[in-house]
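Visitor: Below are the structure tokens for one structure; questions will follow.
4 protein chains.
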Amino acid sequence: MNQQTIDRIRKFTEERDWDQFHSPENLAKSIVIEAAELLECFQWSNSDYDLQHVKEELADVLVYSQNLLDRLGLDADEIVNMKMNQNEKKYPVEKARGNSNKYDRI
Amino acid sequence: MNQQTIDRIRKFTEERDWDQFHSPENLAKSIVIEAAELLECFQWSNSDYDLQHVKEELADVLVYSQNLLDRLGLDADEIVNMKMNQNEKKYPVEKARGNSNKYDRI
Amino acid sequence: MNQQTIDRIRKFTEERDWDQFHSPENLAKSIVIEAAELLECFQWSNSDYDLQHVKEELADVLVYSQNLLDRLGLDADEIVNMKMNQNEKKYPVEKARGNSNKYDRI
Amino acid sequence: MNQQTIDRIRKFTEERDWDQFHSPENLAKSIVIEAAELLECFQWSNSDYDLQHVKEELADVLVYSQNLLDRLGLDADEIVNMKMNQNEKKYPVEKARGNSNKYDRI
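Chains as they are written, first to last, in the working numbering: chain A, 1 to 106; chain B, 1001 to 1106; chain C, 2001 to 2106; chain D, 3001 to 3106.
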């Protein structure tokens, strides 16, 4: 997300005085609730899904994730690069190539 | 996330030939699985959590969300702004201020 | 579950003095966390799963569900039959037969 | 659940010919989706929840769990007692009493 989008999310929360509801725990609950609504798009089929609905639910996941980053004073690039350092060590290219076995515990 | 981080995530997947596992459905499952691991940081307490663990699990949510954006050819800013348009209409400032009642069905 | 199994679950909690952690909210978090671990058995494949692992994670879902029933003083048969009354009205046989479209919002 | 309730759930599925949608993976997705709807009752508050809504969502978790037991030919009492054997060994009373630290990885 670029800075303008991040600022829009922050302004939305501030104007409604919703920071009071944004404890880290409440936001973690909210992320899993929205992620399950995203999964619901694929509940009975892996191929026949409503793209607009997928976009809306994925956007909700991203918005609540940004809310949690904000609440904890974190930066998306910083934590993702920290985690990618771990992933690159844990799954070296030569061993992990084309193999999902090593992939299921990240 | 900035372009450099996005490129790193894409390169990680490509080098391991893991695109074959990244169906939209598998990625939706992965996002909810990681979101639940994030929630696990707050399973028995809303205040006593391991920040490093929170960072790692939130990063996993963001990485799989980027994988899904990539798979569907979507742009985070575009879908988030589309959703924020909806949210701003649905929760006008004057009605939503300090009120979580209206907030629980986005 | 039969009464003996239910009693065993209750005794396990009581002996460890874990009722104090079993707020309805904590148990709802726990159920979704275990349900996501169950889903993890099917993260990258819908056919190649570890049955023993599935059994363990499904058992965890059932145990925490029983904990929540106990905490709220509810009876599984009572709430399930109440919900089946709703489901049978909502999805009449003649309309719902072989059709998952009507099925995805129960 | 008693046998009558289990039979009612089975008859509901059979009459609608919905077994075709009940792959283990689809049911695992369904359980996590319903568990997240249950969690939604506690999204912004751990104390102010709608008990009727809680009952309905918990019932959905139990129904889909029974569907998965049926699909895999499993018995609730059998798998729960197998798991309780593990739990009782993993969390001996004297060490686990009043301590949720040992509790968060079952």
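Ideal placement from N, C-alpha and C gives every residue a C-beta, glycine not left out. The structure displayed is predicted, hence computed values, not measured ones.
1. Identify which residue in Val1061(B), Asp1017(B) and Glu1040(B) has its Cα closest to the Cα of Val2032(C).
2. Suppose contacts are defined by Cβ-Cβ distances below 8 Å. Is Leu1072(B) in contact with Val63(A) by that definition?
3. Taking its Cβ as the centre, do 16 or more other Cβ atoms sit within 10 Å of Val93(A), making it buried, or is it exposed?
4. Using a 10 Å radius around the Cβ and a threshold of 16 neighbouring Cβ atoms, would you call Arg2008(C) buried or exposed?
5. Alpha carbon to alpha carbon, how far is Ile2106(C) from Asn2081(C)?
6. By the criterion of Cβ-Cβ separation under 9 Å, what are the contact partners of Lys1029(B) in chain A?
7. Looking only at its own chain, which residues have a Cβ that is under 8 Å from the Cβ of Asp3104(D), when we skip the five neighbours before and after it?
8. Residues of the region 75–87 of chain A with a CB closer than 9 Å to any CB of chain D: list them in chain order, please.
9. Ordered along the chain, which non-local residues of its own chain (more than five positions away) have a Cβ less than 7 Å from that of Glu34(A)?
10. Considering just the uninterrupted stretch of the alpha helix (DSSP H) at Arg1097(B), what are its terminal residues?
11. Check whether chain C comes within 8 Å of Ile106(A), counting only Cβ atoms and requiring the distance to be less than that.
12. Under a CB-based cut-off of 8 Å, is Val3054(D) close to chain B?
13. Which whole-angstrom value describes the C-beta separation of Gly98(A) and Asp1017(B), a residue pair presumed to lie in contact below a C-beta threshold of 8 Å?
14. For Leu3076(D), I'd like the list of residues in its chain whose CB is within less than 7 Å of its CB, leaving aside the five on either flank, ordered along the chain.
15. Can you give me the start and stop residues for the alpha helix (DSSP H) that Tyr64(A) sits inside?
16. Quick check: what's the CA-CA separation for Glu1078(B) versus Met1001(B)?
17. For Ala1059(B), which residues in chain C fall below 9 Å Cβ to Cβ?
18. Would you list, in sequence order, the uninterrupted beta strand (DSSP E) runs of no fewer than 3 residues that lie entirely inside the region 3003–3050 of chain D?
19. Quick check on Leu38(A): buried or exposed, where buried means 16 or more other Cβ atoms within 10 Å of its Cβ?
20. Taking only three categories from DSSP, how would you classify Asp2075(C)?
21. CB-CB under 6 Å to Ser2030(C), same chain, minus the five flanking residues each way: which ones, in chain order?
22. Just verifying my parser: in three-state terms, what is the DSSP assignment at Met3082(D)?
23. Taking any Cβ of chain C, which residues in the region 1007–1037 of chain B have a Cβ under 7 Å from it, in chain order?
24. Whose CA, out of Asn2085(C), Glu2025(C) and Gln2066(C), lies closest to the CA of Thr3005(D)?
25. Would DSSP call Ile2106(C) helix, strand or coil?
26. So Glu25(A) packs on Asn1046(B), CB below 8 Å; how close in whole Å?
27. Measuring straight from C-alpha to C-alpha, what distance separates Ala3028(D) and Phe2042(C)?
28. Using only the alpha-carbon positions, how far apart do Tyr3049(D) and Lys89(A) sit?
29. Does Gly2098(C) get closer than 8 Å to chain A when you measure Cβ to Cβ?
30. How would you list, in chain order, the residues of chain A whose beta-carbon sits under 7 Å from the beta-carbon of Asn1046(B)?
31. Is the CB of Asn1067(B) under 8 Å away from at least one CB in chain A?
32. Do Ala1036(B) and Ala2036(C) have their beta-carbon atoms positioned less than 8 Å apart in this structure?
33. Can you name, in chain order, every residue of its own chain whose Cβ lies under 8 Å from the Cβ of Ser2023(C), other than the five neighbours on each side?
Guide: This is what the structure gives:
1. Glu1040(B)
2. no
3. exposed
4. buried
5. Low per-residue confidence applies at Ile2106(C): pLDDT is 45, beneath 50, and the placement is therefore not dependable, though the value from the model is reported in the following sentence. One C-alpha to the other measures close to 14 Å.
6. Leu39 and Phe42
7. Its pLDDT being 49, under 50, Asp3104(D) is placed unreliably by the model, and nothing is read from it.
8. none
9. Glu57, Asp60, Val61 and Tyr64
10. Unbroken run through Arg1097(B): none, as it is neither H nor E.
11. Confidence is the limiting factor: at Ile106(A) the pLDDT is only 45, short of 50, which leaves the residue's position unreliable, though a coordinate-based value still follows. No, no contact with chain C.
12. no
13. 4 Å
14. In the sequence under discussion, the amino acid at residue 3076(D) is Ala, which differs from the Leu named in the question. Here the set comprises Leu3069.
15. Leu51 to Leu72
16. 14 Å
17. By Cβ distance, chain C contributes nothing, its closest Cβ being about 17 Å from Ala1059(B), past 9 Å.
18. none
19. buried
20. coil
21. Tyr2064
22. helix
23. Phe1021, Asn1026, Lys1029, Ser1030, Val1032, Ile1033 and Ala1036
24. Asn2085(C)
25. With a pLDDT of 45 at Ile2106(C), under the threshold of 50, the modelled position of this residue cannot be trusted; read the value that follows with caution. Ile2106(C) falls in the coil class under three-state DSSP.
26. 4 Å
27. 8 Å
28. 44 Å
29. no
30. Ser23 and Glu25
31. no
32. yes
33. Arg2071
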